[in-house]
Amino acid sequence: LALIPVTGRSEIIKVMTANLNSGSPPDWDWYRDPSINIFKGLKPDIILIQEFNVSSATTRRQFVNNAFGVNFNYYCEPEIGGDWAMPNGIISRWPIKSKGQWADTNFEHYTTRSFVWAVIDIPGDIDLQVVSIHLKSGSGTDDRQMREAEASQLKNYVAANFDNNKYIIVGGDLNLQY
């Protein structure tokens, strides 16, 4: 095994997944000061965020400005509503070139969250394609089978929609149980 230096410029990109909101749904379930302090301390460049709810006294734009800075971009899946809305989102230091969501049709409450994706114009010639996910929780057999079905569906979405010549990151709350 040998380490060979590579000539040229390299970038360090800090990517974080976050399901850090707190409170009891539906009325008190949003990102609060302790979560914002974690973001400020870690200073990530790209955040794959789950349960992206903010206080009714603010907006997501205000939240992003406060937690990350006014130059950060973000995308959150469209509001679907309901008592258990847990939208996924993506926050980025760099421009988001395209974005959208893929339906998670395996989850019984699939209208409350989707697989959220974006193509980010990171430094260099190759874009970064990301997906923010939140898989089904629970330790039962049915829950594990649901996560397997979600993962399979996600793999098919990525294969059908992402460019193999670009970087790909899939991350989020996997709710893995053992």
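Here my numbering is used: the first residue of the sequence shown is 78, the next is one more, and so on.
From the three backbone atoms N, C-alpha and C, an ideal C-beta is built for every residue, glycine too.
F145 - partner residues in DSSP beta bridges: On the sequence shown, position 68 is the one that residue 145 refers to. According to DSSP, residue pairing for F145 in a beta bridge does not occur.
L205 classed as buried or exposed, judged by whether at least 16 other C-beta atoms fall within 10 angstroms: What you label residue 205 is simply residue 128 of the sequence shown in a count that begins at 1. Per the 10 Å Cβ criterion, buried.
Cross-strand partners of G249 (DSSP beta bridge): Here residue 249 corresponds to residue number 172 of the sequence shown, with the count starting at 1. Beta-bridge partners assigned by DSSP to G249: I210.
Neighbourhood of T122 by C-beta, 6 angstroms cutoff - its chain only, sequence neighbours within 5 removed: The residue given as residue 122 occupies position 45 in the sequence shown. With the sequence shown as reference, residue 122 is identified as Asp, and Thr is not the correct amino acid for it. So the qualifying residues of the chain are I90, K91, R170.
Counted within 10 angstroms of its Cβ, other Cβ atoms place P111 as buried (16 or more) or exposed: Residue mapping note: residue 111 aligns to position 34 of the sequence shown, counting from 1. Exposure of P111 is indicated by the presence of fewer than 16 other C-beta atoms within 10 angstroms of its C-beta.
Cα-Cα separation between K243 and Y234, rounded to whole angstroms: On the sequence shown, residue 243 is found 166 positions in, with the first residue counted as 1. On the sequence shown, residue 234 is found 157 positions in, with the first residue counted as 1. Straight across, the Cα-Cα distance linking K243 with Y234 is about 15 angstroms.
Sub-7 angstroms separation of V207 and I173 beta-carbons: As a first step, residue 207 is located in the sequence shown; it is residue number 130 there, counting from the start. As a first step, residue 173 is located in the sequence shown; it is residue number 96 there, counting from the start. 7 angstroms or more divides the Cβ of V207 from the Cβ of I173.
Same chain, Cβ closer than 8 angstroms to L251, five either side skipped, listed in chain order: Within the sequence shown, the letter at position 174 stands for residue 251. Answer for L251: I210, L212, R224, listed in chain order.
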